[in-house]
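Read through the structure below, which is laid out as structure tokens, and then see the notes.
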Amino acid sequence: MKTVDDFDFLGKKVLVRVDFNVPLDKEYHITDDKRIRAAIPTIRKILNDGGSAILMSHHGRPKSGPEEKFSLKHVVKHLMLLLNVTVYFANDCIGEEAEKKSSALKNGEVLLLENLRFHKEEEKGDEAFAKKLAQLGDFYINDGFGTAHRAHASTAVIAKFFPGRKCFGYLMAAEIENAERVMRYAEKPLTAIMGGAKVSDKILVIDSLLERVNHLIIGGGMAFTFVKAKGGNIGRSLVEADKLDLALKIMDDAKKKNVQLHLPTDAVIADAFSNEAQSAVAPVEKITEGWMGLDIGPESIKSFSEVVINSKTILWNGPMGVFEMEKFATGTKAVAKAVADATAKGAYSLIGGGDSAAAVVQFGYENKVSYVSTGGGALLEYFEGKILPGIKAIMD
Ligand code: AMP
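For the sequence shown, the working numbering assigns the number 106 to the initial residue and increments by one for each residue that follows.
Take a look at the structure:
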């Protein structure tokens with residue numbers, strides 16, 4: 106695996122695909138800069154070597170063409186603060202202005218290009234568009250793990266224009282190393298904790314995990330599809346009625362593969378989907394008509410925590426309940442604590458992006474787990490066993 110450490114960037118104009126898809130408030134202030142901070146070491150390495158960096162990223166999901174709220178100009182000032190160098194900005198990622206500004210760029214300087222997705226060719230993986238981007242630099246680095254599962258122009262197609270002049274950035278390399286540590290080199294017992302809303306979103310990853318894990322813990326809304334499949338009364342809890350057979354098959358496969366599957370035994374139930382709802386604790390298979398399970402209950406917290414604390418490797422993706430509401434955050438918080446405790450005892454823990462990453466940060470465990478991935482969808486696809494296009498393009 107070639108990384109930035111294998112190259113000297115002196116005098117090079119280095120095109121870096123970063124993931125600056127950061128949340129902004131109504132005044133366009135960045136509310137979480139984790140993704141920008143994650144790209145800083147790679148940019149610094151280029152500048153310290155005596156090269157210059159041309160950064161390209163997407164931001165949000167613009168429908169057709171430029172939209173103010175998706176402009177990357179809103180991140181320039183903050184990037185400048187983090188890097189402590191002047192950052193130039195091109196109002197379009199291709200075309201005359203981008204060409205002029207990139208050719209005028211001096212060693213030690215940084216140019217940020219406008220949102221790649223203002224051109225529909227980006228997501229289509231258009232080769233002519235990729236070529237135009239490629240012409241701006243003489244070396245290509247992919248350091249955006251969050252989009253590594255997309256075969257877009259800037260994440261995959263562009264790499265073909267840089268034979269022998271492409272590599273992974275530090276963030277990508279770290280993401281791959283951490284994922285591999287669970288995927289291939291896990292110390293056993295290996296426990297996967299899956300949560301979130303839907304089984305259908307996680308079915309491929311569950312199938313793949315059943316080949317590797319010793320324990321599979323299932324919490325969150327998706328657990329109710331399993332409980333219902335087993336004949337439980339789940340009231341108005343989240344369910345995918347067309348996935349009951351699938352849930353039965355997963356339970357059966359787990360048995361065949363000697364994987365211990367752990368489902369919640371109790372739930373915090375509520376009479377409405379609201380933090381102000383009336384709530385109670387009930388056995389998961391006996392939820393009162395009209396009520397819904399919005400978190401795992403105390404008995405489940407205890408049994409899940411016990412499995413986690415006795416694990417040597419832990420992968421966690423998806424919350425145990427509706428953690429955005431204080432009243433239903435207890436289960437997710439407790440699992441975060443159990444993962445942190447296991448880590449303190451010597452286990453290795455990987456937190457998959459998205460909501461579980463948000464939860465460990467929110468509950469103050471960010472520095473008490475081994476690694477928090479910046480990729481949600483990308484990490485899931487990695488664990489499905491797919492070769493991600495953004496990774497393959499660098500390896501080819
Ligand atoms: P996902 O994107 O599939 O990981 O799902 C995350 C979402 O699942 C979060 O917004 C949670 O609020 C939601 N969630 C977790 N548990 C439940 C539940 N028991 N009922 C409804 N939604 C849930």
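Glycine residues also receive a C-beta, built at the ideal position from the N, C-alpha and C atoms.
Source: prediction; values computed, not measured.
Count the other CB atoms within 10 Å of the CB of residue i; is the residue buried (16 or more) or exposed (fewer)?
| i | result |
| --- | --- |
| ASN126 | buried |
| PRO268 | exposed |
| GLU381 | exposed |
| GLU173 | exposed |
| SER259 | buried |
| LEU218 | buried |
| MET327 | buried |
| ARG166 | exposed |
| ALA209 | exposed |
| THR108 | buried |
| ASN189 | exposed |
| ASP357 | exposed |
| GLU227 | buried |
| SER169 | exposed |
| SER363 | Correcting the residue identity first, residue 363 is Asn in this sequence and not Ser. Label assigned to ASN363: exposed. |
| GLY459 | buried |
| MET50 | Outside the displayed range of the chain (106 to 501) lies residue 50, so it cannot be described from this structure. |
Leaving out five residues on either side along the sequence, give the residues of the same chain with a beta carbon under 7 Å from the beta carbon of residue i.
| i | result |
| --- | --- |
| ALA158 | VAL119, VAL121, ILE148, ILE151, LEU152, VAL215 |
| ILE339 | PHE329, VAL332, LYS333, ILE392, GLY398 |
| SER475 | THR448, TYR453, SER454, LEU455 |
| HIS183 | ILE135, ASP138, ILE141 |
| SER305 | GLU345, LYS348 |
| ALA302 | GLY325, GLY326, MET327, LEU343 |
| VAL181 | VAL192, PHE194, LEU217 |
| GLY233 | The sequence shown places Ala at residue 233, rather than the Gly named in the question. For ALA233, where only same-chain residues beyond five positions count, there are no Cβ hits under 7 Å. |
| VAL412 | THR296, HIS320, ILE322, HIS367 |
| VAL465 | ALA441, ILE456, GLU471, VAL474, VAL477 |
So residue i and residue j are supposed to be a Cβ contact under 8 Å. How far apart are they, rounded?
| i | j | result |
| --- | --- | --- |
| PRO369 | GLY402 | 7 Å |
| TYR275 | PRO146 | 5 Å |
| ILE311 | MET299 | 6 Å |
| LEU241 | GLU204 | 7 Å |
| VAL389 | GLY337 | 6 Å |
| PHE273 | ASN247 | 6 Å |
| HIS164 | CYS198 | In fact, because the Cβ distance is near 11 Å, the residues do not count as touching under 8 Å. |
| ALA443 | PHE409 | 7 Å |
| ALA264 | LYS271 | 5 Å |
Suppose the cutoff is 8 Å on Cβ atoms and the five residues either side in sequence are ignored; what does the same chain contact list for residue i look like?
| i | result |
| --- | --- |
| VAL373 | SER384, ALA385, VAL386, GLY398, LEU399, ASP400, ILE401, GLY402, GLY426, LYS432, PHE433, THR435, GLY436 |
| LEU115 | ASP154, GLY155, GLY156, ASN212 |
Answer yes or no: the CB of residue i versus the heavy atoms of ligand 1, is any distance below 8 Å?
| i | result |
| --- | --- |
| PRO506 | The structure shown has nothing for residue 506, since the chain only spans 106 to 501. |
| GLY480 | no |
| VAL427 | yes |
| ALA302 | yes |
| SER384 | no |
| ASP306 | yes |
| LEU186 | no |
| PHE409 | no |
| SER342 | yes |
| ASP514 | Residue coverage of the chain in this structure runs from 106 to 501, which leaves residue 514 outside it and unanswerable. |
| LEU321 | no |
| LEU484 | no |
| ASP371 | no |
| LEU368 | no |
| LEU351 | no |
| MET397 | yes |
| MET329 | The amino acid occupying residue 329 in the given sequence is Phe; Met does not appear at that position. Yes, Cβ of PHE329 sits closer than 8 Å to a heavy atom of ligand 1. |
| GLY337 | no |
| ASP460 | yes |
| ASP400 | yes |
Checking contacts by CB at 9 Å: is residue i closer than that to chain B?
| i | result |
| --- | --- |
| VAL332 | Absent from the structure: chain B. Only one protein chain is present. |
Quick one: residues in its chain with C-beta nearer than 6 Å to the C-beta of residue i, no 5 flanking neighbours on either side, listed in chain order?
| i | result |
| --- | --- |
| ALA297 | LEU314, VAL318, LEU321, LEU420 |
| GLU292 | LYS417, THR418 |
With hydrogens ignored, establish whether the beta-carbon of residue i is closer than 8 Å to any heavy atom of ligand 3.
| i | result |
| --- | --- |
| GLY325 | In the structure on display, ligand 3 does not appear, and the ligands it does have are ligand 1. |
Segment contact, 8 Å Cβ cut-off, at least three pairs: the region 444-457 with the region 349-358: no
Any 3 or more C-beta pairs closer than 8 Å across the region 475-489 and the region 251-258: yes
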